[in-house]
Amino acid sequence: MTYTIKAIPTTYAGVNFRSRLEARWAAFFDLCGWKWDYEPLDLEGWAPDFLLRTVLGPVLVEVKPYDVVAKLDEELARGPSVGRISEYDKAANHGKHHQVLYLGLSPLSDGYPVGFPAIPPLNAPYPYAVMLDAITVNRPEHLWAEAGNIVQWHPSRRAAA
133 MTYTIKAIPT TYAGVNFRSR LEARWAAFFD LCGWKWDYEP LDLEGWAPDF
183 LLRTVLGPVL VEVKPYDVVA KLDEELARGP SVGRISEYDK AANHGKHHQV
233 LYLGLSPLSD GYPVGFPAIP PLNAPYPYAV MLDAITVNRP EHLWAEAGNI
283 VQWHPSRRAA A
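Each residue of the sequence shown is one higher than the last, beginning at 133 in my numbering.
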């Protein structure tokens, strides 16, 4: 898989992230009041970027440097049987047993979940609509901008490190 965006290792909240995008998502989660763990576990064939602790239980998160809406549109244009973003396949393979959330370059628009959640796993005690509510925030674009300011590189921070 080829990425067009270079990963810049970034430290946030005492955690060393592989990319500024992941650090920004962590800052966003904090601004939303959501508890998270970074690279919490290794599953067969996949290590989730985050584990979010929601009111419904844990959600495993995969972050990719893509505009997920444009990427999904691109995949759907290939045929009606696709309907998925192939770059998230490793994460999708665990959707039967875990709640999975796919995130991209930024949250989705106001009134929508922050990303695309997989259909709840087979044993989930909640319906899909309840999961959507659990990962939806008001005015995500403002929180996203603030998260970007938090993890933005500053020369004074670099000198102090």
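Note that the Cβ used here is the ideal one computed from N, Cα and C, for glycine as well.
| In three-state DSSP terms, what is N148? | strand
| task | Under 7 Å Cβ to Cβ from K167, same chain only, skipping five residues before and after it: list those, please. | result | R185
| task | For E194, count neighbouring Cβ atoms within 10 angstroms of its own Cβ and tell me buried if that reaches 16, exposed if not. | result | buried
| field | Reference E176, options V201, F149, K196 and K222, closest by Cα | value | K222
| request: Give a yes or no on whether the C-beta atoms belonging to D169 and F160 are separated by under 8 Å. | output: no
| request: State the Cα-Cα distance for the pair R156 and G247, rounded to the nearest angstrom. | output: Rounded to the nearest angstrom, the two C-alpha atoms are 14 Å apart.
| said: Once the 5 residues before and after G189 are set aside, which same chain residues still bring their CB inside 6 Å of it? | reply: none
| field | L233 vs V191 beta-carbon contact at 8 Å | value | yes
| task | Please state if the CB of P253 and the CB of K228 are separated by a distance shorter than 8 Å. | result | Yes.
| T268 versus Y260 - alpha carbon distance | 13 Å
| message | Distance check for H286 and L264, CA to CA, integer angstroms please. | response | 35 Å
| query | Apart from the five residues on each side of it in sequence, which residues of its chain come closer than 6 Å, Cβ to Cβ, to P239? | reply | V246, P272 and W276
| Applying the criterion that 16 or more other CB atoms from any shown protein chain within 10 Å of the CB defines a buried residue, is P180 buried or exposed? | buried
| query | Closest by CA to E171, which one among C164, S151, V187 and L163? | reply | S151
| task | Would you kindly work out how many angstroms separate the C-alpha atoms of Q231 and S241, rounded to a whole number? | result | 21 Å
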